[in-house]
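A.B. asks: So the sequences go chain by chain: W, Y, A, S, G and U. Those letters in the first sequence? Residues 6 to 110, per this note's numbering, in order. Those letters in the second sequence? Residues 6 to 110, per this note's numbering, in order. Those letters in the third sequence? Residues 6 to 110, per this note's numbering, in order. Those letters in the fourth sequence? Residues 6 to 110, per this note's numbering, in order. Those letters in the fifth sequence? Residues 6 to 110, per this note's numbering, in order. Those letters in the sixth sequence? Residues 6 to 110, per this note's numbering, in order. We treat Cβ as the ideally placed atom computed from N, Cα and C, and that holds for glycine. Here it is, the structure in full.
There are 6 protein chains.
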Amino acid sequence: MNERILSEDNKVLKRFFSLDNQTYQGGTLDTATKEMLGLVASMVLRCDDCIRYHLGRCNQQGISTKAIFEILAVANIVGGSICIPHTRRAVEYWDQLLAIESTSD
Amino acid sequence: MNERILSEDNKVLKRFFSLDNQTYQGGTLDTATKEMLGLVASMVLRCDDCIRYHLGRCNQQGISTKAIFEILAVANIVGGSICIPHTRRAVEYWDQLLAIESTSD
Amino acid sequence: MNERILSEDNKVLKRFFSLDNQTYQGGTLDTATKEMLGLVASMVLRCDDCIRYHLGRCNQQGISTKAIFEILAVANIVGGSICIPHTRRAVEYWDQLLAIESTSD
Amino acid sequence: MNERILSEDNKVLKRFFSLDNQTYQGGTLDTATKEMLGLVASMVLRCDDCIRYHLGRCNQQGISTKAIFEILAVANIVGGSICIPHTRRAVEYWDQLLAIESTSD
Amino acid sequence: MNERILSEDNKVLKRFFSLDNQTYQGGTLDTATKEMLGLVASMVLRCDDCIRYHLGRCNQQGISTKAIFEILAVANIVGGSICIPHTRRAVEYWDQLLAIESTSD
Amino acid sequence: MNERILSEDNKVLKRFFSLDNQTYQGGTLDTATKEMLGLVASMVLRCDDCIRYHLGRCNQQGISTKAIFEILAVANIVGGSICIPHTRRAVEYWDQLLAIESTSD
């Protein structure tokens, strides 16, 4: 779908999508830290697609399950119990990522 | 999924889940009133899972259909037309709860 | 300011402001309960002006301080620690309402 | 579902649903402009059902694909990357509307 | 303050601020329409600074008071009564803009 | 004000305030990382008091200005231009923290 959107040649959207990618590149903070920031922001704004995206990226960055749960804990305290259903779906998806990983070993 | 989350032994999440349960226990306000508060809060924050949870609890507390519609009305006025799709799904779920109840009589 | 807004004769805004008032009139649920619903909704949506408005109305309805704190507790659990600064300002305003009341006795 | 909701005879909800319809009627701004306003508001508040509703209405008003993308661009810049999944679903639905239209010609 | 922020040479922030400006340049939709979109988005997301910014730009684009009120009406219906305090501050600021304008004639 | 709130002996609020403090204690992730998570969450939820609180804590943790700007960049991209006024106030407050620090050396 991203290709379809970019094909329309709307300059603002194209530049924004490109900028979105640059945001998580390592700088003073490394990519792993930035992906954790992206995850907690997606959790408190409650977007399941964004949560899954950042969980996938956190998994690639080698972030541990214990760290993921600490991020989910921050999100639940800051964002409240309204985040609980998203927490359940996040943990379900994280477990799937770990299962895929252990199969491919 | 709650068991899976609690099994990870993240103290903040465990305590928050426990605290979430305590919140709706009767005090100066009874559980029925607190569940109505939980329902309207879930409506304006627009979380369908949370809405269904509190509708189920309101049903157990014997809250009437007329009262539920008055809560939904407050939610629509405070939260706006962006709550209308959640209102539709709330009423659909409420009618299912009533249907189950009348079957089990 | 409401008079200025209504003077412009925008029918949608006029009807919406009128509907907003009708929302809290007693029905199956009494005004006190509806004002508590308005307060918790304003808390989780984090609007200080709306919180103060509903605190004033709750005070007129004779709602106790213990009940107000239980409403704030529901709001903090559902809406998270992001509601804490609004909780502080709510309690400060509530105490002012009580002080005015005790002076006017 | 709207009929079910209106059948309950909750006056606030009935008037609010009616007012919601009046909002997009032509005035100083025409319906096309108001539907574009409804679309961008639904995008930044991230409600897929509302987005689809206003996309359907924008399509009936003859708004072009280029204009729709400019509205989505405003929404993404104001509302952030958290709107990207909604942007994808919006474009997918818009393309379906165009496909139906070209078939019915 | 923008200069201070840009002086730090954070590429993502610099590009985002620049992209934010490009968003409202005339394309298929003219700047006036895009500023109205920016205004309604700021209203439903309830940011007074953003509302004032877009009101100023709408004023420069020659948008009439009647049109502004129709935008505020859409915002109130979509976003709910939680937008009312922002509506009051928006109208107050708009009247100031008109007063400055009439003085400078 | 926290003392006033805790004096009321509402158990849910007391436990939630205590839990809020525990959330940022070092675990698998250290306090510095958790404070950065708290900052980005406060930014995208747009609460100036919370932002200032976490900026103060980030300053105590020795987080650099470059890192703070990278966190603000993530927040702006995820949360959109609606975060720009909060970004300005965040940078203004951060500069004050640095000024106080350099004076006290």
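#1: If you run the structure through DSSP and keep just helix, strand and coil, what is G32 (chain W)?
#2: Could you tell me the alpha carbon to alpha carbon distance between D53 (chain U) and R62 (chain W), rounded to whole angstroms?
#3: In three-state DSSP terms, what is E97 (chain A)?
#4: Enumerate in chain order the residues of its own chain whose CB-to-CB distance from C55 (chain G) is below 6 Å, with the five nearest sequence positions on each side excluded.
#5: Are the C-beta atoms of I68 (chain A) and some chain G residue less than 8 Å apart?
#6: Say whether chain A places a C-beta atom closer than 8 Å to the C-beta of R62 (chain U).
#7: Can you name, in chain order, every residue of its own chain whose Cβ lies under 8 Å from the Cβ of R189 (chain S), other than the five neighbours on each side?
#8: Measure the Cβ-Cβ separation of N15 (chain W) and E75 (chain S) and say whether it is below 8 Å.
#9: Note down, in chain order, each residue of its chain lying with its Cβ closer than 6 Å to the Cβ of H59 (chain S), except the 5 sequence neighbours on either side.
#10: Tell me whether S69 (chain A) sits in a helix, a strand or coil according to DSSP, three-state version.
#11: What are the boundary residues of the alpha helix (DSSP H) that I10 (chain Y) is part of?
#12: Pop quiz: I82 (chain S) and F21 (chain W) are said to be a contact at Cβ under 8 Å. What is the actual Cβ separation, rounded to whole angstroms?
#13: Of all the residues that make up the stretch 89–106 of chain S, which are near chain W by a beta-carbon distance shorter than 9 Å?
#14: Interface residues of chain S around V83 (chain U) at Cβ under 8 Å?
#15: Among the candidates G:G84, G:I89, G:C88, whose CA atom is the shortest distance from the CA of I87 (chain Y)?
#16: Using 7 Å as the cut-off, classify the Cβ of K39 (chain G) as near or not near the heavy atoms of the ligand COA, replying yes or no.
#17: For A72 (chain S) versus T33 (chain G), is the C-beta spacing smaller than 8 Å?
#18: Mind pulling the chain S residues with CB within less than 7 Å of T36 (chain G)?
#19: Quick check on this structure: which residue in A:T38, A:M6, A:L50 has the alpha carbon closest to the alpha carbon of S69 (chain A)?
#20: Suppose the cutoff is 8 Å on Cβ atoms and the five residues either side in sequence are ignored; what does the same chain contact list for Q66 (chain A) look like?
#21: Taking 8 Å as the CB-CB limit, is L11 (chain W) close to chain G?
#22: Sort W:E106, W:S109, W:L77 by Cα distance to R94 (chain W) and report the nearest one.
#23: Using only alpha-carbon positions, find the residue among W:L11, W:V49, W:E13, W:G31 that is nearest to T92 (chain W).
#24: By alpha-carbon positions, which one of W:D25, W:D110, W:N64, W:I89 ends up nearest to D100 (chain W)?
#25: For chain Y, check one thing: does any of its Cβ atoms lie closer than 8 Å to the Cβ of A78 (chain W)?
#26: Look at L24 (chain Y) and L24 (chain U) and say whether their C-beta atoms are less than 8 Å apart.
#27: How many angstroms separate the CA atom of M6 (chain W) from the CA atom of N26 (chain G)?
#28: Determine the extent of the alpha helix (DSSP H) in which R20 (chain A) is found, giving its start and end residues.
#29: Taking R57 (chain U) as the reference, give the member of U:L102, U:G31, U:S107 with the closest Cα.
#30: Give me the residue from S:D110, S:T28, S:P90, S:A104 with the minimum Cα distance to V17 (chain A).
#31: Which chain A residues are close to V17 (chain U), counting only those with a beta carbon under 7 Å from its beta carbon?
#32: Return helix, strand or coil for L50 (chain A), following the three-state DSSP convention.
#33: Is there at least one Cβ from chain W nearer than 8 Å to E8 (chain U)'s Cβ?
#34: CA-CA distance, P90 (chain W) and A104 (chain W)?
C.D. replies: Let's see:
#1: coil
#2: 29 Å
#3: helix
#4: Closer than 6 Å at the Cβ level, and outside the excluded window around C55 (chain G), lie S47.
#5: no
#6: no
#7: There is no way to answer for residue 189 (chain S), as the model of chain S reaches only from 6 to 110.
#8: yes
#9: Excluding positions up to five away in sequence, the list reads E40, G43, L44, S47.
#10: coil
#11: 7–12
#12: 6 Å
#13: I89, P90, H91, T92, R93, R94, V96, E97, D100
#14: Residues of chain S passing the Cβ test: G85, S86, I87.
#15: For I87 (chain Y), the nearest C-alpha among the options comes from G:G84.
#16: Of ligands this structure carries none, so the ligand COA is not represented either.
#17: yes
#18: Here the premise fails: no neighbours, minimum Cβ distance about 11 Å.
#19: A:T38
#20: T36, A37, E40
#21: Under the 8 Å criterion on CB atoms, L11 (chain W) is classed as non-interfacial with respect to chain G.
#22: W:L77
#23: Comparing Cα positions, the closest option is W:V49.
#24: The candidate whose alpha carbon is nearest that of D100 (chain W) is W:N64.
#25: So yes, A78 (chain W) belongs to the interface.
#26: Taking 8 Å as the Cβ cut-off, L24 (chain Y) and L24 (chain U) qualify as a contacting pair.
#27: M6 (chain W) and N26 (chain G): Cα-Cα distance of roughly 26 Å.
#28: 16–27
#29: For R57 (chain U), the nearest C-alpha among the options comes from U:L102.
#30: S:T28
#31: A78, I82
#32: coil
#33: No, no contact with chain W.
#34: One C-alpha to the other measures close to 21 Å.
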